[in-house]
Amino acid sequence: GAGVSQSPRYKVAKRGQDVALRCDPISGHVSLFWYQQALGQGPEFLTYFQNEAQLDKSGLPSDRFFAERPEGSVSTLKIQRTQQEDSAVYLCASSLAQSNQPQHFGDGTRLSIL
Amino acid sequence: GNSVTQMEGPVTLSEEAFLTINCTYTATGYPSLFWYVQYPGEGLQLLLKATKADDKGSNKGFEATYRKETTSFHLEKGSVQVSDSAVYFCALSESPPGGNTPLVFGKGTRLSVIA
Chain Z
6 GAGVSQSPRY KVAKRGQDVA LRCDPISGHV SLFWYQQALG QGPEFLTYFQ
56 NEAQLDKSGL PSDRFFAERP EGSVSTLKIQ RTQQEDSAVY LCASSLAQSN
106 QPQHFGDGTR LSIL
Chain D
120 GNSVTQMEGP VTLSEEAFLT INCTYTATGY PSLFWYVQYP GEGLQLLLKA
170 TKADDKGSNK GFEATYRKET TSFHLEKGSV QVSDSAVYFC ALSESPPGGN
220 TPLVFGKGTR LSVIA
């Protein structure tokens, strides 16, 4: 079956613009995670959903970052009033709900803020 | 808090050489441990995992053993190939019953294998 799909693959925006990044998880995967990966670094956790419920948003760096998953499937990560430090690769991962289940990652969205 | 430390790269090896990438962790509970690999231009792929002490994860010739006494999960391969060139990430997650938690990653180790 299809893996985790993210779009767009690349996004260039001017500082101050709003952006929306989409994640389509593997069908049947209840858990969905967003991570931010800066150049040369490991991914860092942003937020986590179980179905439509956002259970943990402790990793969101500021109130400019907002994520939703209204129907428990597709998720959108929105960044308002983008700044240059938001430039990174944004990764989405999904998994089954049981403990010890591996997370499956999409190819990511590379965001560049000019 | 939880953290993962892995050896700095880049690591450059000749084909058929032995590979070790060191990984140590700090965790408050009993985490599951993972190695992920990122090939150029691609997303992260799970390479192997271990969920309890003394478990050995293995895949594609790679192995790692969960060592609770040394809080380590070193990645090894006996004979690397050019196609193994990638960035390798060690990661952990807590494993509460019936749930999932976010992964905590190391900074990654870039491996280049030359023919």
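Sequences listed follow chains Z and D, in order. For the first sequence, the numbering used here assigns the number 6 to the initial residue and increments by one for each residue that follows. For the second sequence, the numbering used here assigns the number 120 to the initial residue and increments by one for each residue that follows. We treat Cβ as the ideally placed atom computed from N, Cα and C, and that holds for glycine.
Partners in chain D for residue i, counting only beta-carbon separations shorter than 7 angstroms
i	result
G77(Z)	Per Cβ cutoff of 7 angstroms: no residues; G77(Z) is ~15 angstroms from chain D at best.
D112(Z)	E161, G162
Reduced DSSP category for residue i - H, G, I as helix; E, B as strand; rest coil
i	result
D173(D)	coil
V201(D)	helix
D29(Z)	strand
E182(D)	strand
E195(D)	strand
Q89(Z)	helix
A18(Z)	strand
A210(D)	strand
K187(D)	coil
T139(D)	strand
Y40(Z)	strand
T147(D)	coil
T220(D)	coil
L119(Z)	coil
A98(Z)	strand
H109(Z)	strand
Y158(D)	coil
Q3(Z)	Limits of chain Z in this structure are 6 at one end and 119 at the other, which puts residue 3(Z) out of reach.
V123(D)	strand
K236(D)	Residue coverage of chain D in this structure runs from 120 to 234, which leaves residue 236(D) outside it and unanswerable.
Nonlocal neighbours in the same chain, by C-beta distance under 8 angstroms from residue i, ignoring five residues either side
i	result
Q42(Z)	P48, E49, A93, V94, Y95, L96, G113
V130(D)	L138, I140, T228, R229, L230, S231
N121(D)	Y144, T145, A146, T147, P150, L211, E213, V223
Pair within 9 angstroms by beta-carbon distance, residue i and residue j
i	j	result
S204(D)	L230(D)	yes
Y15(Z)	R115(Z)	yes
Q22(Z)	S36(Z)	no
I31(Z)	A58(Z)	no
T220(D)	Y53(Z)	yes
Cβ shell of residue i (< 7 angstroms), same chain only, five flanking positions each side left out
i	result
A25(Z)	T81, K83
R27(Z)	Q11, S12, V79, T81
Q89(Z)	R20, I118
L167(D)	W154, G176, S177, N178, F181, A183
Q200(D)	E134, V232
P107(Z)	S100
R69(Z)	I84, Q85, R86
L165(D)	F153, Y155
Contact set between residue i and chain Z, taken where Cβ atoms lie within less than 8 angstroms
i	result
G197(D)	Neighbours of G197(D) on chain Z: none; closest Cβ ~24 angstroms, over 8 angstroms.
F208(D)	G47, P48
L132(D)	None at all; the shortest Cβ gap to chain Z is about 20 angstroms.
L138(D)	Near L138(D) there are no residues of chain Z at all, since even the closest Cβ is about 19 angstroms away, more than 8 angstroms.
Cross-chain neighbours of residue i in chain Z, by beta carbon under 9 angstroms
i	result
F192(D)	Simply none; closest approach about 15 angstroms.
N219(D)	V35, S36, F38, Y53, Q55, S100, L101, A102, Q103, S104, N105, Q106, Q108
F153(D)	P107, Q108
Y225(D)	According to the sequence as given, residue 225(D) is Gly; it is not Tyr. In chain order: G47.
Chain D contact residues for residue i, given Cβ-Cβ distances below 8 angstroms
i	result
L119(Z)	By Cβ distance, chain D contributes nothing, its closest Cβ being about 22 angstroms from L119(Z), past 8 angstroms.
L96(Z)	G162, L163
Listed by chain order, chain D residues near residue i by CB distance under 9 angstroms
i	result
P66(Z)	Within 9 angstroms Cβ-Cβ: nothing; P66(Z) doesn't reach chain D, min ~15 angstroms.
Chain Z residues whose Cβ lies nearer than 7 angstroms to that of residue i
i	result
E188(D)	In chain order: nothing, as chain Z lies at least about 21 angstroms away.
L230(D)	Correct list: empty, because the minimum Cβ distance to chain Z is about 15 angstroms.
K168(D)	P107
Sequence-distant residues of the same chain with beta carbon closer than 6 angstroms to residue i, five excluded per side
i	result
T143(D)	T124, T190, S191
L163(D)	Y155, Q157
K196(D)	L138, G180, F181
K187(D)	A172
L152(D)	A169, Y185, F192, L211
V17(Z)	S117
Proximity test, Cβ basis, 9 angstroms: residue i and chain C
i	result
L211(D)	The displayed structure is made up of protein chains Z and D, and chain C is not among them.
Check: At what residue ranges does the stretch 47 to 85 of chain Z contain a whole run of the alpha helix (DSSP H), taking only runs of 4 or more?
Finding: none
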